[in-house]
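Numbering (numbering that gives the first Met the number 0), first residue to last: 0 to 184.
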Amino acid sequence: MIELGYMAKRIIARPDWLNVPTVKDICSVCGCMSMDFCDYTPFWKHNGFWFFDSPSAIRAVAWEHNVDLIDTALFYFRGYERQFDADNGKWIDYGPEQGMRTEIAPPLSAELLGYDIVTCSMQNAPEHSPLSCNHVAAHVRVNDHCLVDSLDYAVEQVETGAFSNAEPGPFRIIAVHALPWVDGR
């Protein structure tokens with residue numbers, strides 16, 4: 000797995016229109032439903048995967064721009080080493096955006112919640128989480144966080160076309176880890 004970085008998010012409960020009763024909340028990577036702590040991109044403090052290298056980098060942006068981190072959850076993301084190009088049916092390499100500092104400090108421990116499948120048509124920031132954004136969770140097995148439980152199952156679903164009617168890819172599989180805030184917010 001590739002270390003991608005951290006994000007603080009405001010997690011929402013499953014909306015009524017997502018007809019998957021076993022889902023309790025949406026812990027998706029993308030901010031379509033469970034929003035990122037702020038629109039951080041104009042500040043250019045994110046890394047080459049468009050996440051943050053450490054929780055302290057998130058806190059610094061929040062402090063500098065008067066963003067309240069209360070009611071946010073802290074996540075750490077790791078990516079499957081390759082992304083799937085559905086047009087060609089092949090796995091291809093990807094990496095951080097060139098020219099952007101990427102010095103991720105991995106956590107000592109974190110709780111794996113599951114795997115999200117995200118679109119990255121622009122080859123930088125994840126754009127959509129089709130499990131929740133495009134209702135793909137209604138057709139594949141997901142857990143109570145609207146994530147897939149195993150990497151093998153995520154790979155299988157991507158390769159067999161479960162996401163073919165979703166937003167355009169390529170698709171990246173991202174492990175979603177929850178961790179506690181330390182040192183306050």
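Backbone N, C-alpha and C fix where the C-beta goes; we use that ideal spot for every residue, glycine too. Note that the structure is predicted; figures quoted are calculated from it, not measured.
Assigned exposure category for residue i - 16 Cβ within 10 Å defines buried
i             : result
lysine 23     : exposed
asparagine 46 : buried
isoleucine 57 : buried
aspartate 151 : exposed
leucine 107   : exposed
methionine 0  : exposed
histidine 64  : exposed
alanine 12    : exposed
proline 14    : exposed
glycine 183   : Confidence is the limiting factor: at glycine 183 the pLDDT is only 49, short of 50, which leaves the residue's position unreliable and the question unanswerable from this model.
Boundaries of the beta strand (DSSP E) in which residue i is found, first to last residue
i                : result
glutamate 155    : Glutamate 155 -> not in any beta strand (DSSP E); alpha helix (DSSP H) instead, spanning 150-158.
tryptophan 90    : 89-92
histidine 176    : 170-178
arginine 208     : This structure leaves residue 208 out entirely; the chain is present only between 0 and 184.
phenylalanine 42 : Where phenylalanine 42 is concerned, there is no enclosing beta strand (DSSP E), given that its DSSP letter is neither H nor E.
arginine 81      : 81-84
6 Å Cβ shell around residue i - same chain, five flanking residues per side excluded
i              : result
tryptophan 180 : Leu73
isoleucine 103 : Glu2, Gly4, Asp52
Cutoff 7 Å; reference residue i; Cβ partners in own chain excluding five residues on either side
i              : result
valine 141     : Val19, Val22, Leu130, Val147
asparagine 123 : Trp49, Glu96
arginine 100   : Asn46
Secondary structure of residue i, DSSP reduced to three states
i                : result
alanine 12       : strand
leucine 111      : strand
isoleucine 1     : strand
valine 60        : helix
arginine 184     : Below a pLDDT of 50, predicted positions are generally treated as unreliable, and arginine 184, at 44, falls in that range; the measurement from the model is reported next regardless. Residue state, collapsed to three classes: coil.
alanine 72       : strand
threonine 118    : strand
valine 22        : coil
phenylalanine 36 : coil
valine 135       : helix
Where the alpha helix (DSSP H) through residue i begins and ends
i           : result
leucine 130 : 129-132
Close beta carbons around residue i, own chain, < 8 Å, minus the five adjacent residues each side
i             : result
alanine 59    : Lys44
valine 66     : Phe36, Cys37, Val60
leucine 68    : Ala7, Phe36, Ile57, Arg58, Ala61, Trp180, Arg184
glutamate 166 : Thr118, Ser120, Glu126, His127, Pro129, Cys132, Asn133
Near the ligand HEM: residue i beta-carbon under 7 Å from a heavy atom
i           : result
tyrosine 39 : Ligands in the displayed structure: none, and consequently the ligand HEM is not present.
Cutoff 8 Å: residue i Cβ touching any chain B Cβ
i          : result
valine 181 : Given the protein chain composition of this structure (a single chain), no chain B is represented.
Item to check | Stretch pair the region 22-36 + the region 109-124: three plus CB contacts closer than 8 Å | outcome: Flag = yes, the region 22-36 and the region 109-124 touch.
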